[in-house]
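Taking it in order: structure first as structure tokens, then the write-up.
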Amino acid sequence: MPEYLVNLPRQRNVINIDFPFHFDRNYHTASTSDENQHIRDLIEQLLFTTPGERVNRPDFGSGVLSLIFAPNSPELATAMEISIQASIEQWLGDLIDLQTLEVTSVDSSLYIVVEYLVQSSGETQTATFRTTVP
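Going left to right, the sequence shown walks through residues 134 to 267 as the working numbering numbers them.
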């Protein structure tokens with residue numbers, strides 16, 4: 134965590150906006166009270182955001198969606214594993230510790246399994262994501 138953030142007081146009324154963005158039954162921005170679900174949402178956003186897509190964070194993302202026209206192969210899965218690991222450590226390293234990351238290609242699908250330790254609670258979580266590539 135950057136030093137200038139270490140001494141900031143912690144806010145207790147933090148709202149974790151739910152992903153995908155939607156409104157709750159009271160027409161307010163929907164939020165999630167479960168920190169583990171919020172972190173899973175952050176990982177999903179990181180995986181499926183293309184670098185350059187966010188205006189104020191042009192480096193944010195992993196480039197998984199740029200694979201739509203790439204041929205699926207084990208080599209592609211290995212290259213994506215390295216790219217995803219670097220992205221997770223850069224953008225979510227202050228929230229989670231990456232335990233294992235598996236990227237496998239099966240037929241026309243790319244499966245991403247992320248096992249991580251939530252730093253605030255010490256719990257180990259596993260999240261699985263899938264995208265289709267030709």
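Where a beta carbon is used, it is the ideal one built from N, C-alpha and C, also for glycine.
Could you tell me how far apart the beta carbons of residue i and residue j are, in whole angstroms, since I believe they sit closer than 8 Å?
{"i": "L228", "j": "I172", "result": "6 Å"}
{"i": "I217", "j": "V236", "result": "7 Å"}
{"i": "F193", "j": "W224", "result": "6 Å"}
Just the C-alpha distance for residue i and residue j, rounded to the nearest angstrom, thanks.
{"i": "A219", "j": "F152", "result": "22 Å"}
{"i": "R187", "j": "E256", "result": "30 Å"}
{"i": "R158", "j": "T211", "result": "43 Å"}
{"i": "Q252", "j": "T265", "result": "31 Å"}
{"i": "S195", "j": "E168", "result": "22 Å"}
{"i": "N189", "j": "L179", "result": "15 Å"}
{"i": "D240", "j": "D230", "result": "30 Å"}
{"i": "M213", "j": "F154", "result": "26 Å"}
{"i": "P204", "j": "S242", "result": "11 Å"}
{"i": "S238", "j": "S254", "result": "32 Å"}
{"i": "P207", "j": "T259", "result": "22 Å"}
{"i": "G185", "j": "Y160", "result": "31 Å"}
{"i": "E177", "j": "L209", "result": "19 Å"}
{"i": "D174", "j": "P191", "result": "19 Å"}
{"i": "Y244", "j": "V197", "result": "11 Å"}
Suppose the cutoff is 8 Å on Cβ atoms and the five residues either side in sequence are ignored; what does the same chain contact list for residue i look like?
{"i": "S115", "result": "Because the chain is modelled from 134 through 267, residue 115 falls outside the range shown and cannot be assessed."}
{"i": "Q232", "result": "E248, Y249, L250, T257"}
Identify the residues that DSSP records as bridge partners of residue i: which are they?
{"i": "R263", "result": "Y244"}
{"i": "T182", "result": "Paired residues: none, contrary to the question."}
{"i": "Y249", "result": "L231, Q258"}
{"i": "N156", "result": "With the sequence shown as reference, residue 156 is identified as Phe, and Asn is not the correct amino acid for it. In DSSP, F156 forms a bridge with T162."}
{"i": "V188", "result": "DSSP, once it has assigned bridges, lists no residue as partnering V188."}
{"i": "V197", "result": "Beta-bridge pairing links V197 to no other residue."}
{"i": "S238", "result": "L243"}
By Cβ distance below 6 Å, which residues in the same chain neighbour residue i in space, the five residues on each side in sequence not counted?
{"i": "T165", "result": "N149, D151, H171"}
With a threshold of 8 Å between beta carbons, is residue i in contact with chain C?
{"i": "G194", "result": "Protein chains in the displayed structure number just one, and chain C is not present."}
Grab me the residues of residue i's own chain with a C-beta within less than 7 Å of its C-beta, minus the 5 sequence neighbours each way, in chain order.
{"i": "E222", "result": "L231"}
{"i": "F156", "result": "T162, A163"}
{"i": "G226", "result": "none"}
Cβ of residue i within 7 Å of any heavy atom in the ligand FMN?
{"i": "E256", "result": "Inclusion of the ligand FMN in the displayed structure is not the case, the ligand content being empty and no account of it being possible."}
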